[in-house]
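Note sheet for the following structure.
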Amino acid sequence: MVPDTAAKVRHILLQAKDVKDASEMTALNSKGDSLVRLLKNGADFTKLASTFSDDPGSKTNGGVYDFFPKGRMVKEFNDFSFNKRIGTIGSVETSYGVHVIEVLDRRKKVEEVEVAMISRSLDASDKTKRDSYANANEFAIESSDKESLIASAKESGYTSNDIKDVVRSATSLSGLRNATELVNWAYSAEVGEISQPILMDDNYVVAVLTLSKEAGIPEFEDVEDEMTSGATKEAKGKYYASLMNGSNLEDVAAKVKSTVKTAQKVSLNKAMITGSGAAAEPEVAGLAFSIPAGEMSNAIIGNHGVWVIAPESITEAVEKTDFLTEQSALATKARSGLSLAITNAIRDESNVTDNRN
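Be aware that the sequence shown starts at 596, since it is given in the numbering used here, and climbs by one per residue.
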């Protein structure tokens with residue numbers, strides 16, 4: 596239980612236009628006295644508040660002000676609420692006019708709950724770390740190739756993940772934030788080699804290098820899937836482009852069983868076509884600005900679909916003269932990447948062989 600001096604009352608406000616007008620205040624006090632007599636004789640407070648009160652914040656709930664702290668209301672209203680006995684009905688003058696008040700209840704204490712949060716960081720002990728490394732090392736030794744590594748991982752309840760196209764400057768990889776040591780190992784390992792346990796993000800990682808791409812023209816088997824996907828995409832684009840012709844957009848949409856959609860605020864800056872669900876389409880956005888408003892384009896084979904567009908209106912951009920924001924952003928980007936660029940350059944040109952085991 597904590598101290599909480601508060602009062603609950605209900606009131607009817609007879610608002611004055613000018614509290615300094617003696618005749619107006621006399622009339623309001625007379626009206627207030629009449630209401631007090633009616634209430635003491637059993638009249639319904641809620642009905643009278645709804646009919647006579649000028650306080651919009653309380654007249655709809657019978658004039659009730661639920662428990663409010665001492666000192667919140669104007670002095671005359673506050674004194675009546677906290678000094679009169681519970682059940683007292685009377686009237687007071689305030690800077691708002693005349694209040695007819697009934698004291699409903701008061702309290703001195705209220706029950707509150709205090710909650711304390713106690714937290715403690717849990718770190719692995721040295722023994723746990725040694726045991727974890729020993730288990731990971733044994734797991735790595737028992738695996739001879741990718742297939743046995745994945746099979747052992749599955750049997751032991753560990754997760755495995757393929758990470759492709761790892762670049763030399765990468766500091767993080769899919770699901771791994773601090774991957775610099777793993778990247779360094781990958782660029783010094785032979786294809787098929789399995790790493791010793793590498794500690795990353797409080798986990799030991801055992802990796803196998805499955806492919807290493809040399810600079811120059813790639814082997815066909817390395818790009819076969821990509822080439823097949825690209826050729827299929829190109830063929831589909833040409834096929835749909837051959838179908839998409841007509842006198843208006845509705846005719847074109849009907850031929851490919853689609854619908855006409857409206858894209859607003861297309862800009863050359865981002866080249867996004869709103870409402871299409873596709874990523875950037877720079878060719879479509881560019882043609883949107885080169886085709887006169889009201890005319891329809893031929894089929895456009897874009898990055899993610901085939902388009903026929905008809906610009907409705909073009910808003911000319913306001914010429915920009917202040918480039919301080921762009922300059923600041925470029926300077927910040929250059930500063931943040933400088934340290935990493937220097938580190939990578941030194942490492943790449945140092946010709947140092949890592950012989951650590």
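Ideal Cβ positions, reconstructed from N, Cα and C, are used throughout, including at glycine.
Could you tell me the distance, in whole angstroms, from the CA atom of Val801 to the CA atom of Lys808?
21 angstroms
Helix, strand or coil: how does DSSP classify Ile789 here?
strand
What is the residue span of the alpha helix (DSSP H) that Thr827 lies within?
Phe815 to Leu838
So, helix, strand or coil for Phe663, using DSSP?
strand
Which residue wins for smallest C-alpha separation from Val861, given the options Ala880, Ala765 and Asn678?
Ala880
Complete alpha helix (DSSP H) runs within the segment 717-745 (minimum length 4 residues, chain order)
721-737
For Ser686, tell me which candidate among Glu737, Ala735, Ser625 and Ile736 has the shortest Cα-Cα distance.
Ser625
Element boundaries [alpha helix (DSSP H), containing Ser945]
From DSSP, Ser945 is part of no alpha helix (DSSP H); its letter is neither H nor E.
Which of helix, strand or coil does DSSP assign to Ser690?
coil
Would you call the segment 598-608 and the segment 636-652 touching, i.e. three or more CB-CB distances under 8 angstroms?
yes
Quick check on Val851: buried or exposed, where buried means 16 or more other Cβ atoms within 10 Å of its Cβ?
exposed
Express the C-alpha separation of Ala940 and Gly932 in angstroms, rounding to a whole number.
12 angstroms
Taking all protein chains shown into account, do 16 or more other C-beta atoms lie within 10 angstroms of the C-beta of Ile904, making it buried, or fewer, making it exposed?
buried
So what does DSSP say about Met620, is it helix, strand or coil?
helix
Please work out which residues of its chain come closer than 7 angstroms, Cβ to Cβ, to Lys749, disregarding the five sequence neighbours upstream and downstream, and give them in chain order.
none
Look at Val786 and Leu768 and say whether their C-beta atoms are less than 7 angstroms apart.
no
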